[in-house]
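Numbering (our numbering), first residue to last: 483 to 970. All residues carry an ideal CB built from backbone N, CA and C; glycine is no exception. Small disclaimer: the values here were computed from a predicted structure and weren't measured. Written out below as structure tokens is the structure these notes cover.
If you want it as structure tokens, here you go:
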């Protein structure tokens, strides 16, 4: 389960270390902000980000992906913390990990095959907008110098890669942080820095068992939250895995990633941290900086802890403007601009699903709800498409009417299938040719049975031909009027 393969750790040491440093810095303000959302001290989010990042580096299934405390998870914790306190949150975090671990062993990640490209585009576009919107409160607190620093930071991020010799050696977000921090120090500028976000911890996390009653009543309290956290965490993680797979042109182990998330959350809960999952924003920063191995994830977690515990005085020189510039870059990189450029080329159903996901996510700030709605809507469009594809051609030869059926016959299309037949026609026999069709379920078998019975009740002989093997076996398992000897 622990991944120690050399190529997954040390194939690009310099790039991964530098990328990890950038991500470690970027994790600090977000971890503190997510702690505030959940209603807990900053150290809960910071400890969670450290524990989850380090754990997932060893136990995860997708190298170079960053997992830590996230906003989507923090939103689900508010009521639990408010009504029962931190100790119940820690217990719920441990249970969340257990549920995810079990889900990983049962290979729940296979359900990702039901997520269409339209849902992925909607998810990414909504997330990009949320990332950008999350920077607005910080931007509103800045003066003209802060705006200037953000503009300078964006210029560094986008122009530094084109600098001869050095542009490809160092990730531009790291250069942005270094340059703007140096300018803040040299100008003695009065600007908001990372240290202004809240009280930072001054000790390492320690192992602790949540101080709660071990009773069925406690389980009743935390289980609903844990099952929701586990579901949202796995869904966001799988979506992030899909995106990182596409960017890096490589494939991670989704089932191992589910198990890794479970282990990471169990460790986080016992070390005083909140539940977390994969972070698409930080993962984008990581891979955009060139990271491709587990080392970058490990460095991000370790550097985060070192900064907030041992080097927190240095954070006084890191302006929030630098981190805002980086997150604006992430939002622009995350947004799928092709979905706008090719809007007219996409089908109406594709655009409707994508826009629906964006609207639901932006209105609820719940990525999981948006994705689930998109999957359901995609399924409805697909069912409608399959239903409309069903057609029947008929021909009359002497006193025999032959019906040639095309398409997929299932619960939704079975009624339409029934309506193609003329039961009032004065003929001697009917041939139903299913060579170009497929019978999918009991509903469609029963509808075929009804058609046969309706004809035979009027003295018309019925012969069903052309059934493929799967359809034939399904019919044989069910006691219907469609006799096996009639099946050819």
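Which of helix, strand or coil DSSP assigns to residue 765: Taking the first residue of the chain shown as position 1, residue 765 is located at position 283. It is helical.
Looking only at its own chain, which residues have a Cβ that is under 6 Å from the Cβ of residue 729, when we skip the five neighbours before and after it? As a position in the chain shown, residue 729 is number 247, starting the count at 1. Short of 6 Å from the beta carbon of residue 729, and not among the five residues preceding or following it, lie these beta carbons of its own chain, in chain order: 769.
Roughly how many whole angstroms lie between the Cα atoms of residue 713 and residue 555? Mapped onto the chain shown, residue 713 falls at position 231. Mapped onto the chain shown, residue 555 falls at position 73. Distance between the alpha carbons of residue 713 and residue 555 is about 10 Å.
Might you give, ordered along the chain, the residues of its own chain that have their beta carbon closer than 6 Å to the beta carbon of residue 757, omitting 5 neighbours on each side? Position 275 of the chain shown holds residue 757. So the qualifying residues of the chain are 555, 575, 578, 711 and 747.
Below 8 Å between beta carbons: does that hold for residue 887 and residue 919? The residue labelled residue 887 in the question sits at position 405 within the chain shown. The residue labelled residue 919 in the question sits at position 437 within the chain shown. Taking 8 Å as the Cβ cut-off, residue 887 and residue 919 qualify as a contacting pair.
Should residue 777 and residue 502 be called a contact, given that it needs their Cβ atoms to be closer than 8 Å? Walking along the chain shown from the start, residue 777 turns up at place 295. Walking along the chain shown from the start, residue 502 turns up at place 20. Yes, Cβ-Cβ distance for residue 777 and residue 502 is below 8 Å.
Can you give the beta carbon distance from residue 724 to residue 546, rounded, assuming they're within the 8 Å contact cut? In the chain shown, the residue the question calls residue 724 occupies position 242. In the chain shown, the residue the question calls residue 546 occupies position 64. Separation of the CB atoms of residue 724 and residue 546 is rounded to 14 Å, and the pair is thereby denied contact status at 8 Å.
N- and C-terminal bounds of the beta strand (DSSP E) containing residue 875: To locate residue 875, count along the chain shown from 1; it is residue 393. 873-879 is the span of the beta strand (DSSP E), which, as asked, contains residue 875.
8 Å Cβ cutoff met for residue 807 and residue 651: As a working mapping, residue 807 is identified with position 325 in the chain shown. As a working mapping, residue 651 is identified with position 169 in the chain shown. With respect to residue 651, residue 807 sits apart: the two C-beta atoms are not nearer than 8 Å.
6 Å Cβ shell around residue 970 - same chain, five flanking residues per side excluded: Here residue 970 is taken as the residue at index 488 of the chain shown, counted from 1. Interpretation of residue 970 is limited by its pLDDT of 42, a score under 50 that renders its predicted location unreliable; the figure taken from the coordinates is listed afterwards. Close CB contacts of residue 970 within its chain, under the 6 Å cut and outside five residues either way in sequence, are with 947 (chain order).
Check whether the segment 834-842 and the segment 697-709 touch, using three or more Cβ-Cβ pairs below 8 Å as the test. The answer is no - the segment 697-709 does not touch the segment 834-842, with fewer than three Cβ pairs under 8 Å.
Look at the alpha carbon of residue 968 and the alpha carbon of residue 869, and state the distance between them as a whole number of angstroms. Locating residue 968 in the chain shown gives position 486, where the first residue counts as 1. Locating residue 869 in the chain shown gives position 387, where the first residue counts as 1. Bear in mind that the predicted position of residue 968 carries a pLDDT of just 45, short of 50, making it unreliable; the figure below should be weighed with that in mind. Taking the straight line joining both Cα atoms gives about 26 Å.
Identify which residue in 620, 811 and 788 has its Cα closest to the Cα of residue 765. On the chain shown, residue 765 is found 283 positions in, with the first residue counted as 1. Distances from the alpha-carbon of residue 765 to those of 620, 811 and 788 put 811 closest.
Any contact between the segment 738-753 and the segment 881-901? By contact I mean 3 or more CB pairs, one from each, below 8 Å. Touching, no, given that fewer than three Cβ pairs across the two stretches are closer than 8 Å.
Among 678, 753, 913 and 629, whose alpha-carbon lies nearest the alpha-carbon of residue 690? The count along the chain shown starts at 1 and reaches residue 690 at position 208. Of the listed residues, the one whose Cα sits closest to residue 690 is 753.
Identify whether residue 917 lies in helix, strand or coil by the three-state DSSP scheme. Against the chain shown, residue 917 aligns to sequence position 435. Residue 917 falls in the strand class under three-state DSSP.
Buried or exposed: which applies to residue 669, given that a residue is buried once 16 or more other Cβ atoms fall within 10 Å of its Cβ? Within the chain shown, numbered from 1, the residue matching residue 669 stands at position 187. The residue in question, residue 669, is exposed, as its Cβ has fewer than 16 Cβ neighbours within 10 Å.
Can you check whether the CB of residue 508 is closer than 8 Å to the CB of residue 673? Mapped onto the chain shown, residue 673 falls at position 191. Mapped onto the chain shown, residue 508 falls at position 26. The Cβ atoms of residue 673 and residue 508 lie no closer than 8 Å to each other.
When the distance is taken between beta carbons, is residue 859 closer than 8 Å to residue 838? Numbered from its first residue, the chain shown carries residue 838 at position 356. Numbered from its first residue, the chain shown carries residue 859 at position 377. The criterion of a C-beta distance shorter than 8 Å is satisfied by residue 838 and residue 859.
Could you have a look at residue 775 and say whether DSSP puts it in helix, strand or coil? In the chain shown, the residue the question calls residue 775 occupies position 293. It is coil, neither helix nor strand.
Quick one: what's got a C-beta closer than 7 Å to residue 628's C-beta in the same chain, skipping five residues either side? Here residue 628 refers to the residue found at position 146 when the chain shown is read from its first residue. Cβ-Cβ distances below 7 Å link residue 628 to 673 and 803 in the same chain, with the five nearest sequence neighbours on each side left out; the list follows chain order.
Straight-line gap, residue 783 to residue 958 (C-alpha atoms, nearest Å): Reading the chain shown from its first residue, position 301 is the one you call residue 783. Reading the chain shown from its first residue, position 476 is the one you call residue 958. Just so you know, the alpha carbons of residue 783 and residue 958 end up roughly 59 Å apart.
Of the choices 682, 735, 826 and 514, whose alpha-carbon is the least far from that of residue 790? Against the chain shown, residue 790 aligns to sequence position 308. Residue 790 has its Cα closest to that of 682, out of 682, 735, 826 and 514.
Please report the Cβ distance between residue 518 and residue 531, rounded to the nearest whole angstrom; I am assuming they are in contact, meaning their Cβ atoms lie under 8 Å. The sequence position of residue 518 within the chain shown is 36, counting from 1. The sequence position of residue 531 within the chain shown is 49, counting from 1. That pair is no contact at about 14 Å.
With DSSP run on the structure shown, which of helix, strand or coil describes residue 856? Along the chain shown, read from residue 1 onward, the residue named residue 856 stands at position 374. In the structure shown, residue 856 adopts helical secondary structure according to DSSP, grouped into three states.
Can you grab the Cα-Cα spacing for the pair residue 498 / residue 655, in whole Å? Counting from one through the chain shown, the residue named residue 498 turns up at place 16. Counting from one through the chain shown, the residue named residue 655 turns up at place 173. Spanning the two alpha carbons is a distance of roughly 13 Å.
Excluding sequence positions up to five away, which residues of its chain have a Cβ less than 8 Å from the Cβ of residue 659? What you label residue 659 is simply residue 177 of the chain shown in a count that begins at 1. 504, 507, 800, 804, 805 and 808, listed in sequence order.
Where residue 551 falls: helix, strand or coil (DSSP): Taking the first residue of the chain shown as position 1, residue 551 is located at position 69. Here residue 551 carries a coil assignment [DSSP, helix/strand/coil].
Extent of the continuous beta strand (DSSP E) to which residue 944 belongs: Indexing the chain shown from 1 puts residue 944 at position 462. Secondary structure note for residue 944: its beta strand (DSSP E) is the uninterrupted segment 943-947.
At which residues does the beta strand (DSSP E) containing residue 884 begin and terminate? Counting from one through the chain shown, the residue named residue 884 turns up at place 402. Run containing residue 884: 882-891, per the beta strand (DSSP E) assignment.
On the three-pair Cβ rule with 8 Å, is the segment 600-613 touching the segment 842-851? They touch, by the three-pair rule.
Residues in the same chain with beta-carbon distance under 6 Å from residue 687, minus the five sequence neighbours each way, listed in chain order, please. Here residue 687 corresponds to residue number 205 of the chain shown, with the count starting at 1. Counting only Cβ-Cβ distances below 6 Å, and skipping sequence neighbours, we find 529, 753 and 754.
Pick out whichever of 613, 708 and 879 has its Cα sitting closest to the Cα of residue 817. Numbered from its first residue, the chain shown carries residue 817 at position 335. Residue 613 is the option with its Cα nearest to residue 817.
Name the one or two DSSP bridge partners that residue 801 has. Along the chain shown, one-based indexing puts residue 801 at 319. 675, per the DSSP bridge assignment.
Quick test of your reading: residue 633 and residue 662, contact by CB under 8 Å. State the CB separation rounded to the nearest angstrom. Translated into the one-based positions of the chain shown, residue 633 becomes position 151. Translated into the one-based positions of the chain shown, residue 662 becomes position 180. Taking a contact as a CB-CB distance under 8 Å, the pair residue 633 and residue 662 does not count as one, their CB atoms being some 11 Å apart.
Bridge partners - residue 759, DSSP secondary structure assignment: Here the question's residue 759 lines up with position 277 in the chain shown. In the DSSP assignment, the residues bridged to residue 759 are 550.
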